[in-house]
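K.L.:
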Amino acid sequence: MSDGTDKINRSVLPIPTRPRTGLITYDAKDPESKYPVIEQLRPPKGAPNVLVILLDDVGFGASSAFGGPCLTPNAERLAAGGLKYNRFHTTALCSPTRQALLTGRNHHSVGMGGITEIASGSPGYCSVLPNTASPLAKTLKLNGYATAQFGKCHEVPVWETSPAGPFDAWPTGGGGFEYFYGFIGGEAHQWYPSLYEGTTPIEVHKTPEEGYHFMADMTDKAIAWVGQQKALIPDKPFFMYFAPGATHAPHHVPKEWADKYKGKFDQGWDKLREETFARQLKLGVIPSDCRLTPRHEQIPAWDQMPEEMKPVLRRQMEVYAGFLEYADHHVGRLLDSLDQMKLTDDTLIYYIIGDN
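Numbering (the working numbering) for the sequence shown: 105 to 460.
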């Protein structure tokens, strides 16, 4: 993390306290006599803020940023001003991707060969982070970053997920985050979530009828946290991990967002595949000589589905699409807040559209 001018040795963490050597004298009668400055830990000069956004269960062909039918204007906005990766690899499951992302290591080497709910004693599958691996947030915190996580945490072994602890694998336990607001586990009810602030269970004092939705709630908390940090410690960069439950089941979204897609999927999934493929070719996110793979034999053709089932299936697609656009909308609110606080130019933003 050094830019070459940093005089702090960051090769060992925590950074060792520098001992005072020699004789230091102070004269109470001398107005020029001063105590040494108390050094506050900070990252090297010019270290950026870091925002990592990780959506859940979003396929490569879902977001409009990659040719999908679900409108994600804020993903497109970031892509237009940055880089778009079409070979950014994840695992096929939730917990392994997240453990790898948060440690920078292969998921098997950090104990997460599968999701936490199917952990076993087999090497690489125990769901326990070895004490030889440091989470990214902890490394950044020990270098002077402010750290916070919002949303989903699916890296805690199942026997440690209760309010009784232990909290070694929780975000604010051994995870390296100073603040956490979200849920523990693979999924959460978006209208009535079971939430924690740090390691303390909390109640939501608002109902869906009053406008509550977890996606909006966690975004409000994230915006407030950044504002507080920059108001009180403006010279301290932050690392924020923003991990919504969207678009993992349950697909809970305000009705008006799902209704935006009424009729958009009446053609069925076979035609939809062809339309998405054509858009991806045009965008260049797949090779120009790519060929659409055959529909998997385990998946029935749209034309083979009973007519009485089709309205339900269409609505399921509309709800999913609305949920993804709704999530992207709140990501946009977070991005707008960085603009308003004039932090965007000093913030490295990763928008990962799908953990698997």
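Heads up, the beta-carbon is just placed ideally off N, CA and C, and yes, glycines get one too.
These numbers were taken from a predicted model, which means no experiment stands behind them.
1. Give the straight-line distance between the Cα atoms of residue 131 and residue 329, rounded to the nearest whole angstrom.
2. Residue 153: which of 459, 458 and 454 sits nearest, CA to CA?
3. State whether the stretch 275 to 295 contacts the stretch 389 to 406, with contact taken as three or more CB pairs (one from each stretch) at a distance under 8 angstroms.
4. Would residue 286 pass as a contact of residue 322 if the rule is Cβ separation under 8 angstroms?
5. Below 8 angstroms, can you find three or more Cβ-Cβ pairs linking the stretch 334 to 347 to the stretch 154 to 161?
6. Which residues does DSSP list as the beta-bridge partners of residue 344?
7. For a minimum of 4 consecutive residues, which ranges assigned as the alpha helix (DSSP H) are wholly contained in the stretch 364 to 406?
8. Quick one: what does DSSP say residue 430 is sitting in, helix, strand or coil?
9. Would you call residue 113 buried or exposed, if buried means 16 or more other Cβ atoms sit within 10 Å of its Cβ?
10. How would you label residue 190, buried or exposed, when you count the other beta carbons within 10 angstroms and need 16 or more for buried?
11. Of the choices 337, 259 and 252, whose alpha-carbon is the least far from that of residue 302?
12. Going by the beta-carbon positions, is the gap between residue 325 and residue 427 smaller than 8 angstroms?
13. Put residue 222 into one of helix, strand or coil per three-state DSSP.
14. Considering Cα atoms alone, identify which of 284, 279, 358 and 353 is closest to residue 315.
15. Could you compute how far the alpha carbon of residue 364 sits from the alpha carbon of residue 230?
16. Excluding the five sequence neighbours on either side, which residues of its own chain have a C-beta within less than 6 angstroms of the C-beta of residue 284, listed in chain order?
17. Examine the Cβ distances between the stretch 207 to 219 and the stretch 234 to 242 and report whether three or more of them are shorter than 8 angstroms.
18. Nearest-angstrom Cα distance between residue 176 and residue 439?
19. If I measure Cβ to Cβ from residue 260 and keep anything under 7 angstroms in the same chain, skipping five residues before and after, which residues do I get?
20. With a threshold of 8 angstroms, are at least 3 pairs of Cβ atoms found where one atom belongs to the stretch 169 to 185 and the other to the stretch 383 to 392?
21. Counting beta carbon pairs with one atom in the stretch 118 to 126 and one in the stretch 416 to 432, are three or more of them shorter than 8 angstroms?
22. Threshold first: 3 residues or longer. Then list the beta strand (DSSP E) segments lying entirely within the stretch 233 to 287, N to C.
23. Taking CB distances under 8 angstroms as the criterion, tell me whether residue 210 reaches chain B.
24. Could you have a look at residue 112 and say whether DSSP puts it in helix, strand or coil?
25. Let me confirm a value: residue 310 is counted as buried when at least 16 other C-beta atoms fall within 10 Å, else exposed. Which label applies?
26. Are residue 147 and residue 248 close, meaning C-beta to C-beta below 8 angstroms?
27. By the three-class DSSP mapping on this structure, what secondary structure does residue 301 have?
28. So which of 149, 391 and 435 has the shortest CA-CA distance to residue 450?
29. Please report the straight-line C-alpha distance between residue 204 and residue 184, rounded to a whole angstrom.
30. Just list the residues that DSSP pairs residue 99 with in beta bridges.
31. Under a three-way DSSP split, which group does residue 306 fall into?
32. Less than 8 angstroms separating the beta-carbons of residue 429 and residue 368?
33. Using only CA atoms, which one of 180, 395 and 111 lies nearest to residue 457?
34. State buried or exposed for residue 353, treating a residue as buried only when at least 16 other CB atoms are found within 10 Å of its CB.
35. Could you check the C-alpha separation between residue 306 and residue 160 for me, to the nearest Å?
P.N.:
For this structure:
1. 43 angstroms
2. 454
3. no
4. yes
5. yes
6. 155 and 252
7. 373 to 387
8. helix
9. exposed
10. exposed
11. 252
12. no
13. helix
14. 358
15. 43 angstroms
16. 253, 275, 276 and 302
17. yes
18. 13 angstroms
19. 220, 273, 274 and 288
20. yes
21. no
22. 250 to 257
23. Here there is only one protein chain, and chain B is not present.
24. coil
25. exposed
26. yes
27. strand
28. 149
29. 27 angstroms
30. This structure leaves residue 99 out entirely; the chain is present only between 105 and 460.
31. strand
32. no
33. 180
34. exposed
35. 23 angstroms
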